[in-house]
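Input: a single structure, listed below in structure tokens.
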Amino acid sequence: MHTLWLPSWVHLRKKTTDFLEPFGVDIKVLLEAPTEQKLLLIDKYANAVLKEPKNKKDFLNLSSDLQTAYRAVLPDPSAEDYYHEVTAVRVIASRIRDVGLQSIDVSPVKKDLEDLLDKSIQTGEHMLPQIQKLKDLSKLNADALFKFFNKLENKNLQVEGMLAEVEEKIAEMMKRNKQRAGFMDRLTSLLDEYNSGAHDINKIFEELVELANALTEEEQRAVKESLNEEELAIFDILLKENINPKEREEVKKTATELIEKLKQEKLVLDWR
Numbered sequence: 005m006h007t008l009w010l011p012s013w014v015h016l017r018k019k020t021t022d023f024l025e026p027f028g029v030d031i032k033v034l035l036e037a038p039t040e041q042k043l044l045l046i047d048k049y050a051n052a053v054l055k056e057p058k059n060k061k062d063f064l065n066l067s068s069d070l071q072t073a074y075r076a077v078l079p080d081p082s083a084e085d086y087y088h089e090v091t092a093v094r095v096i097a098s099r100i101r102d103v104g105l106q107s108i109d110v111s112p113v114k115k116d117l118e119d120l121l122d123k124s125i126q127t128g129e130h131m132l133p134q135i136q137k138l139k140d141l142s143k144l145n146a147d148a149l150f151k152f153f154n155k156l157e158n159k160n161l162q163v164e165g166m167l168a169e170v171e172e173k174i175a176e177m178m179k180r181n182k183q184r185a186g187f188m189d190r191l192t193s194l195l196d197e198y199n200s201g202a203h204d205i206n207k208i209f210e211e212l213v214e215l216a217n218a219l220t221e222e223e224q225r226a227v228k229e230s231l232n233e234e235e236l237a238i239f240d241i242l243l244k245e246n247i248n249p250k251e252r253e254e255v256k257k258t259a260t261e262l263i264e265k266l267k268q269e270k271l272v273l274d275w276r
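In our numbering, the protein residues as written are 5 to 276.
Here it is in structure tokens:
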């Protein structure tokens, strides 16, 4: 009896097929499609799974379990018959997991995609359609934004990418200023709405753009306050509500002096 027919492998392969079927995801169709059509189907299938956000975690876990079960039977030569099938599932999972992230290791994804397409991918070559970045969308007015999103075929994938991009941006901004936690609270509320399954994808898109614009304004606030990022972080800690302009300037002065004092003390310690 071939090890390939281990119960765990048989079960997970069927479970994966059954899970994807209601979304119209057919791995056989993907494998038999021409190269260009494969690229379109990867995004189409990833978008279909993301139609209900709660399915994301289930599918990613299922994909991981399928890879583990496949590796367990690899000594069996007949396992090669299923290599492309497993790779296709892994590519769709990678597209869902990594879309929108700025800092990822693309090497494993590149290898899987090359195997699936039977085509070498050059460094810097973008095979899959690029998700529009927030910095580009922020240049559009409200009407242009509506037209852009309305004509998209894979809206769920675009929103998923934007959510990941915003989360990464907020986390990076909070490293410089903990008082920006309100932006993460705002994103968490948006994620709760998104993950509820009862969301309006168009409304989520609009709220994400609004949040991204607020982040852009926050990044410019230090310059408007005539402070650097370090001074702004101290300023935000010291600032009280309902103070007059004169008191506000005094807080700025205190923040600036405190940062300067800390730098001087560090220089003394370094010298010692």
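Just so you know, even glycine gets a beta-carbon here, dropped at the ideal spot from N, CA and C.
Answer with buried or exposed for residue i, where buried requires no fewer than 16 other C-beta atoms within 10 angstroms of its C-beta.
i, result
"I247", "exposed"
"N206", "exposed"
"N158", "buried"
"R184", "buried"
"D109", "No answer about D109 holds up, because its pLDDT of 45 lies below 50 and its placement is not dependable."
"L242", "exposed"
"K42", "buried"
"Q224", "exposed"
"E269", "exposed"
"D147", "exposed"
"L78", "exposed"
"K244", "exposed"
"T220", "exposed"
"K2", "For residue 2 there is no data in the structure shown, the boundaries of the chain being 5 and 276."
"A202", "exposed"
I need the straight-line Cα distance from residue i to residue j, nearest angstrom please.
i, j, result
"G128", "I135", "With a pLDDT of only 49 at G128, under 50, the local geometry of the prediction cannot be trusted, and no value is derived from it."
"A50", "K179", "32 Å"
"E197", "G165", "16 Å"
"S200", "P57", "8 Å"
"V278", "D30", "An answer regarding residue 278 cannot be provided, because it is not within the stretch 5 to 276 covered by the chain."
"E233", "K265", "16 Å"
"K46", "R190", "Going by the sequence as given, residue 46 is Ile instead of Lys. Distance between the alpha carbons of I46 and R190 is about 31 Å."
"F150", "H15", "44 Å"
"I238", "D140", "31 Å"
"E251", "L215", "30 Å"
"F153", "D80", "47 Å"
"L156", "S142", "17 Å"
"A73", "N145", "49 Å"
"S230", "V213", "27 Å"
"L194", "F27", "24 Å"
"N160", "A259", "44 Å"
Comparing alpha-carbon positions, which option in the options lies nearest residue i?
i, options, result
"E172", "F187, L161, I208", "F187"
"A76", "W13, D147, R94", "W13"
"K32", "K155, D62, N65, A92", "A92"
"Q71", "S98, K48, L45", "S98"
"D62", "D22, L34, V227, E36", "D22"
"E261", "K244, P249, L236", "L236"
"Y87", "M177, L66, D119, T220", "D119"
"S82", "L10, L144, L138", "L10"
"E40", "L117, F209, L64, R17", "L117"
"L44", "S67, L24, V95", "V95"
"I332", "L121, S67, K115", "In the structure displayed, the chain extends from 5 to 276; residue 332 sits before or after that span and is not available."
"P38", "V170, L121, D240", "L121"
"I174", "T192, L64, D240", "T192"
Secondary structure at residue i, three-state DSSP: helix, strand or coil?
i, result
"D109", "With a pLDDT of only 45 at D109, under 50, the local geometry of the prediction cannot be trusted, and no value is derived from it."
"G165", "helix"
"G128", "Model confidence at G128 stands at a pLDDT of 49, short of 50, so the residue's coordinates are unreliable; what they give is reported in the following sentence. Three-state DSSP puts G128 in coil, outside helix and strand."
"A37", "coil"
"G186", "helix"
"P57", "coil"
"N181", "coil"
"V29", "coil"
"Q136", "coil"
"L144", "coil"
Practice task
Could you pull out every unbroken beta strand (DSSP E) segment of at least 3 residues lying fully inside the stretch 192-256, listed in chain order?
Solution key: Fully enclosed beta strand (DSSP E) runs of 3 or longer: not present.
Problem - Secondary structure, alpha helix (DSSP H): runs of 4+ residues fully inside the stretch 75-106 - result: The qualifying runs are 87-102.
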